[in-house]
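A.B. asks:
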Amino acid sequence: MLATLASADAVTWLSITVKTLAYAATLSAVGSVLVLVILRGVDERGRASLRLTAALSALAAGLFTALRLPVQASFLMGGTWDGATDPMILGMVAQSPLGTSAMLRLTGLALILCVLWRVSAGPILALFGVLLASASFALRGHALNEPQMILGALITLHILCLAFWVGAFAPLARSARFDAPARAGALAYEFGARALWAVGLVVLAGGGALTLLGAGTSAALFTPYGQMFAVKLALFAGVLSLAAVNKLTLTPALLASAPGAGTRLRRSIAMEAGLVVGILVTTAALTTVSSPPEGTENEQASTNSPTRGQPHQTFGDAV
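Take a look at the structure:
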């Protein structure tokens, strides 16, 4: 795993960085809308903050999603910056699965901006955008393996549940800081009840996709893909451990108005957010420099272009 990353060139690292930022911003946009709809305990100031976060995150996600096209074009031209502006190569990338995924995601992100629209149609259109943006992850990379429909559904579900979790970080931390302990505890309790379902579905969808990709075996640990996936699972285990502490210890402490409970909850949420960032970086590296043991059609093959550069690079989007 380390050897694979150590041999990566500048374009590969640029791709990992842009992909990580696109992941984070998309999850923030999608998650903010989901929290706005699902968590009824968020007060009006918190809901206004969620709308603004969703809109700003959607704009950032759109920017980083669009940037992935010239980065991939650069790779196809052997890592030269001239490739990033070559109309023919850019057109080739736009017609590849990456282009299809980016177009669907940009459409979804544009609809998420409707969350700022205070009429009844606003949230409905934003939710439709949430589905499109989440489904865009299933149109690329490893998700194109068979059975494509099942893999696509599992990856979309995985993204939706993870986004709900990520979207709750800011309102929970804000409530723990500014609201009365009992009110903050009530919101944390409501999130904990909903998060039980989200955790179960994240694990189910992720495990199902891993099995279908042929990476759910002990032999996979001897491949760069399996090793990076193991790192990702370890980070996720850390997130689950912190979430358990929040639910079983810190939430009851908040409900009981225990001194310092809000500060401890904010610190725990910050640690969770840090681990999630680690998961996103690992996922970006995982889908860029490796593929599942059984192999997938990489992005070079999907664009049907003779390429130079590292043959193991996949530039996928599957989780």
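With positions in the sequence shown counted from 1, the corresponding number in the working numbering is that position plus 2.
For glycine and all other residues, C-beta sits at the position ideal for the given N, C-alpha and C.
Taking all protein chains shown into account, do 16 or more other C-beta atoms lie within 10 angstroms of the C-beta of T87, making it buried, or fewer, making it exposed?
C.D. replies: By 1-based counting over the sequence shown, the position of residue 87 is 85. T87 comes out exposed.
A.B. asks: Starting from Q97 and walking both ways along the alpha helix (DSSP H), at which residues does that stretch end?
C.D. replies: Locating residue 97 in the sequence shown gives position 95, counting from the first residue. Where Q97 is concerned, there is no enclosing alpha helix (DSSP H), given that its DSSP letter is neither H nor E.
A.B. asks: Just the Cα atoms here: how many angstroms apart are P72 and L141?
C.D. replies: By 1-based counting over the sequence shown, the position of residue 72 is 70. By 1-based counting over the sequence shown, the position of residue 141 is 139. About 19 Å.
A.B. asks: For V121, does the count of other Cβ atoms within 10 angstroms reach 16, so buried, or fall short, so exposed?
C.D. replies: By one-based count along the sequence shown, residue 121 stands at place 119. Exposed: under 16 other Cβ atoms inside 10 Å.
A.B. asks: How many Å lie between S177 and A260 at the Cα?
C.D. replies: Along the sequence shown, one-based indexing puts residue 177 at 175. Along the sequence shown, one-based indexing puts residue 260 at 258. Whole-angstrom Cα-Cα distance: 15 Å.
A.B. asks: Nearest by alpha-carbon distance to W119: which of L244, S17, A50, L36 is it?
C.D. replies: Working through the sequence shown from its first residue, we reach residue 119 at position 117. Of L244, S17, A50, L36, the residue nearest in Cα terms is A50.
A.B. asks: Mapping DSSP to helix, strand and coil, what is M105?
C.D. replies: Taking the first residue of the sequence shown as 1, we reach residue 105 at position 103. Three-state DSSP puts M105 in a helix.
A.B. asks: At what residues does the alpha helix (DSSP H) containing F139 begin and finish?
C.D. replies: Position 137 of the sequence shown, counting from 1, holds the residue named residue 139. Premise fails: F139 is in no alpha helix (DSSP H) and is neither H nor E.
A.B. asks: Could you have a look at L41 and say whether DSSP puts it in helix, strand or coil?
C.D. replies: For the purposes of this step, residue 41 is taken as residue 39 along the sequence shown, with counting starting at 1. DSSP places L41 in coil when its eight states are reduced to three.
A.B. asks: Going along the chain, which residues of its own chain have a beta-carbon closer than 6 Å to the beta-carbon of A286, five neighbours each way excluded?
C.D. replies: Locating residue 286 in the sequence shown gives position 284, where the first residue counts as 1. Excluding positions up to five away in sequence, the list reads I18, K21, T22.
A.B. asks: Leaving aside the five residues before and after V247 along the sequence, list all residues of the same chain whose C-beta is less than 7 Å from its C-beta, in chain order.
C.D. replies: As a working mapping, residue 247 is identified with position 245 in the sequence shown. So the qualifying residues of the chain are S270.
A.B. asks: Can the beta-carbon of F193 be found closer than 8 Å to that of L162?
C.D. replies: Numbered from 1 along the sequence shown, position 191 holds the residue referred to as residue 193. Numbered from 1 along the sequence shown, position 160 holds the residue referred to as residue 162. The answer is no: Cβ separation not under 8 Å.
A.B. asks: When you compare the CB positions of V168 and L29, do they come within less than 8 Å of one another, or not?
C.D. replies: As a working note, residue 168 is residue 166 in the sequence shown. As a working note, residue 29 is residue 27 in the sequence shown. In this structure, L29 lies closer than 8 Å to V168 by Cβ.
A.B. asks: Counting along the chain, where does the alpha helix (DSSP H) carrying V291 start and finish?
C.D. replies: Along the sequence shown, one-based indexing puts residue 291 at 289. Run containing V291: 263-291, per the alpha helix (DSSP H) assignment.
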